[in-house]
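Undergrad:
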Amino acid sequence: MSLDRLIEKIAEKQNPTVAGLDPKLDYIPSYIKESCFEKYGKTLEGASNALLQFNKGLIDSLCDIVPAVKPQAAYYEMYGWQGVKALYETIAYAKSKGMFVMTDGKRNDIGTTMQAYASAHLGTTDIEGGEISAFGADALTVNGYLGSDGINPLLDICKNSDKGIFVLVKTSNPSSGELQDMQLSATGESVYEHMGKMCEKWGEQVMGKYGYSAVGAVVGATYPLQLKELREKLPSTFFLVPGYGAQGGGAQDVKNAFDKNGLGAVINSSRGIMCAWKKQNADEKDFALCAREEALRMKEDIKSAIGEISLK
Numbered sequence: 101m102s103l104d105r106l107i108e109k110i111a112e113k114q115n116p117t118v119a120g121l122d123p124k125l126d127y128i129p130s131y132i133k134e135s136c137f138e139k140y141g142k143t144l145e146g147a148s149n150a151l152l153q154f155n156k157g158l159i160d161s162l163c164d165i166v167p168a169v170k171p172q173a174a175y176y177e178m179y180g181w182q183g184v185k186a187l188y189e190t191i192a193y194a195k196s197k198g199m200f201v202m203t204d205g206k207r208n209d210i211g212t213t214m215q216a217y218a219s220a221h222l223g224t225t226d227i228e229g230g231e232i233s234a235f236g237a238d239a240l241t242v243n244g245y246l247g248s249d250g251i252n253p254l255l256d257i258c259k260n261s262d263k264g265i266f267v268l269v270k271t272s273n274p275s276s277g278e279l280q281d282m283q284l285s286a287t288g289e290s291v292y293e294h295m296g297k298m299c300e301k302w303g304e305q306v307m308g309k310y311g312y313s314a315v316g317a318v319v320g321a322t323y324p325l326q327l328k329e330l331r332e333k334l335p336s337t338f339f340l341v342p343g344y345g346a347q348g349g350g351a352q353d354v355k356n357a358f359d360k361n362g363l364g365a366v367i368n369s370s371r372g373i374m375c376a377w378k379k380q381n382a383d384e385k386d387f388a389l390c391a392r393e394e395a396l397r398m399k400e401d402i403k404s405a406i407g408e409i410s411l412k
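This note's numbering numbers the first residue of the sequence shown as 101 and each following residue consecutively.
(1) Rounded to whole angstroms, what is the Cα-Cα separation between isoleucine 406 and lysine 378?
(2) Since leucine 158 and methionine 374 are thought to touch, with beta carbons under 8 Å apart, how far apart are those beta carbons, to the nearest angstrom?
(3) Give the single residue among Gln305, Ile367, Gly288, Gln283 whose Cα lies nearest to the Cα of proline 324.
(4) In the DSSP assignment, what residue or residues form a beta bridge with tyrosine 344?
(5) Excluding the 5 residues preceding and the 5 following glutamine 153 in the sequence, name in chain order all residues of the same chain whose CB lies nearer than 6 Å to its CB.
(6) So, is alanine 388 buried or exposed, given that buried needs 16 or more other C-beta atoms within 10 angstroms?
(7) Please determine, among Gly316, Gly296, Ser404, Glu177, the residue with the shortest C-alpha to C-alpha distance to aspartate 353.
(8) Can you list, in chain order, the residues of its chain with a C-beta nearer than 6 Å to that of asparagine 243? Leave out the 5 residues immediately preceding and following it.
(9) DSSP state of threonine 190, grouped into three classes?
(10) With C-beta atoms as the reference, is methionine 398 less than 8 Å away from threonine 117?
(11) Does the distance from the C-beta atom of leucine 246 to that of isoleucine 210 stay below 8 Å?
(12) Residue ranges of each beta strand (DSSP E) run of no fewer than 3 residues wholly in the segment 202–281, ordered along the chain?
(13) Short of 7 Å in beta carbon distance, which residues of its chain neighbour glutamine 380, apart from the five on each side in sequence? Order them along the chain.
(14) Look at the alpha carbon of glutamine 114 and the alpha carbon of glutamate 393, and state the distance between them as a whole number of angstroms.
(15) Can you check which of these residues, Gln182, Val166, Ala173, Cys163, is closest to serine 148 by C-alpha distance?
(16) For asparagine 115, does the three-state DSSP call read helix, strand or coil?
(17) Would alanine 293 be called buried (16 or more neighbouring beta carbons within 10 Å of its own) or exposed?
(18) Would you identify the three-state DSSP class for asparagine 381, choosing helix, strand or coil?
(19) Does serine 135 come out as helix, strand or coil in the three-state DSSP assignment?
(20) Which of the three DSSP states is assigned to asparagine 368 in this structure?
(21) Would you check if the distance between the CB atom of lysine 270 and the CB atom of glycine 320 is smaller than 8 Å?
(22) For methionine 295 and aspartate 401, what's the separation of their Cα atoms in angstroms?
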C-alpha cells in the first residue's frame, strides 16, 4: 500500500516529517520573483513560475533528508490554470527526486463526483481508452463528513493504484471543537472519535504490511490529549499531524502520535520550513539552506521525543 512506501522512507531517513509547500509570494525571495516577472510580467504566469522555482529550490535542498512534501492545492489554484500547472510540475519534480507527495486538497463529494476527484489526484483519466495520470500524487487529504459515500470511491484507487488518503478527524484549527468535539447521543463518543473509528473500518479493505492501512487520519498537534487518545483507539490508522511549529505544536505535543517503534505518524511543517530564511534574517539566496537547517532541527527535535524509528 501507498503508506507502506511512506513508512519505509520515514524509517530510511529516520525522519517522520513532511514539508508543506504552501507558498505565497511574500515567502519567495525577491530575486526569484524579479527574474520571473521580468520574463512573464506581473501576471498569473509570472507569479506561478516564481512559486515553482521556489518549490524546486526547497525540494532540491530537502529531498535527501525529508521523506515527503505536502503541497496545499489552494495556494496554486488562486493563480488560475497557471498555478494549477505549477502544482502539477511541483508534484512531478518532487517525485523525480524520490519524495512521497501528499496533495492537501481536502476534497469532499459523493458518487461519480468523488470518483472524478479520485481519478484526478490519485488515479488516471480515461481518454478514449487511454489512461493518463492527471496529477499523480501518492496521497490526498479528504473530508469524510459526507460519510461512506464520499470515501468508498477512493478505496478502489487506493487498492489498485497504490495510493493513500488522509481523512480529516481532529483538525488543528481553534474552532474545530465547535463540531468535532460534540458528543453523539447514540454512543456517547465525540464526533472526531467516531470519524476515527470510521477510518479504522474503511482501512480494513486496504491494509499494509506494517500494520497501517491506506486510510490515514488528519489529527492536529495543537490537541495533544486527543492525539494520544486517538493513537490508542485507532491502532491501524496512520496520522498526518499538522500544527507543529508556526501553529504552536512541539515535539512533546506530537510524541503520542507514534507507536512503540516510532511509526504511526508524519508531522507537517509548512511556514516553519519555507520561511526559515526570514525567521533567521538570512540572505534571501540562502532560503534553501535555511529550510534544510530547519528541517534537520525539526527532525532532531521529534527524534529526541520518540527515539529510533524501526520497521520491526
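Each residue gets a CB set at the ideal place from its N, CA and C atoms; glycine is no exception.
TA: Taking the coordinates as given:
(1) Working through the sequence shown from its first residue, we reach residue 406 at position 306. Working through the sequence shown from its first residue, we reach residue 378 at position 278. Going by the C-alpha atoms only, they are around 29 Å apart.
(2) Counting from 1 along the sequence shown, the entry for residue 158 is found at position 58. Counting from 1 along the sequence shown, the entry for residue 374 is found at position 274. With 8 Å as the limit, leucine 158 and methionine 374 qualify as a contact, their Cβ atoms being about 7 Å apart.
(3) For the purposes of this step, residue 324 is taken as the residue at position 224 of the sequence shown. Per the Cα distances, Ile367.
(4) The residue you call residue 344 lines up with position 244 of the sequence shown. Gly349.
(5) Sequence index remark: in the sequence shown, residue 153 carries index 53 (1-based). If we look at glutamine 153 and ignore the five residues flanking it on each side, its Cβ neighbours are Ile132.
(6) Counted from its first residue, the sequence shown places residue 388 at position 288. Label assigned to alanine 388: buried.
(7) Along the sequence shown, read from residue 1 onward, the residue named residue 353 stands at position 253. Comparing Cα-Cα distances from aspartate 353 to each of Gly316, Gly296, Ser404, Glu177, the minimum goes to Ser404.
(8) Along the sequence shown, read from residue 1 onward, the residue named residue 243 stands at position 143. Residues Lys206, Asn208, Leu268 of the same chain have their beta carbon placed closer than 6 Å to that of asparagine 243, with the five preceding and five following residues left out of the count.
(9) As a first step, residue 190 must be located in the sequence shown, where it is residue number 90. If DSSP states are grouped into helix, strand and coil, threonine 190 belongs with the helices.
(10) As a first step, residue 398 must be located in the sequence shown, where it is residue number 298. As a first step, residue 117 must be located in the sequence shown, where it is residue number 17. In contact: methionine 398 and threonine 117 (Cβ atoms closer than 8 Å).
(11) Along the sequence shown, one-based indexing puts residue 246 at 146. Along the sequence shown, one-based indexing puts residue 210 at 110. It is a contact, given that the beta carbons lie within the stated cut-off.
(12) Correct list: 225–227, 230–232, 239–242, 264–270.
(13) Here residue 380 corresponds to residue number 280 of the sequence shown, with the count starting at 1. Once the five neighbours on either side are set aside, the close Cβ partners of glutamine 380 are Cys390.
(14) For the purposes of this step, residue 114 is taken as residue 14 along the sequence shown, with counting starting at 1. For the purposes of this step, residue 393 is taken as residue 293 along the sequence shown, with counting starting at 1. C-alpha separation (whole angstroms): 16 Å.
(15) Locating residue 148 in the sequence shown gives position 48, where the first residue counts as 1. Nearest of Gln182, Val166, Ala173, Cys163 to serine 148, Cα basis: Gln182.
(16) To locate residue 115, count along the sequence shown from 1; it is residue 15. The answer is coil: DSSP assigns asparagine 115 none of H, G, I, E or B.
(17) Numbered from 1 along the sequence shown, position 193 holds the residue referred to as residue 293. Reading the sequence as shown, one finds glutamate at residue 293 and not alanine. Buried: at least 16 other Cβ atoms inside 10 Å.
(18) To locate residue 381, count along the sequence shown from 1; it is residue 281. If DSSP states are grouped into helix, strand and coil, asparagine 381 belongs with coil.
(19) Your numbering for residue 135 matches position 35 in the sequence shown. DSSP places serine 135 in helix when its eight states are reduced to three.
(20) Within the sequence shown, residue 368 is the residue found at index 268, counting from 1. Three-state DSSP puts asparagine 368 in a strand.
(21) The residue labelled residue 270 in the question sits at position 170 within the sequence shown. The residue labelled residue 320 in the question sits at position 220 within the sequence shown. In this structure, glycine 320 lies closer than 8 Å to lysine 270 by Cβ.
(22) Sequence index remark: in the sequence shown, residue 295 carries index 195 (1-based). Sequence index remark: in the sequence shown, residue 401 carries index 301 (1-based). In a straight line, the C-alpha of methionine 295 is about 30 Å away from that of aspartate 401.
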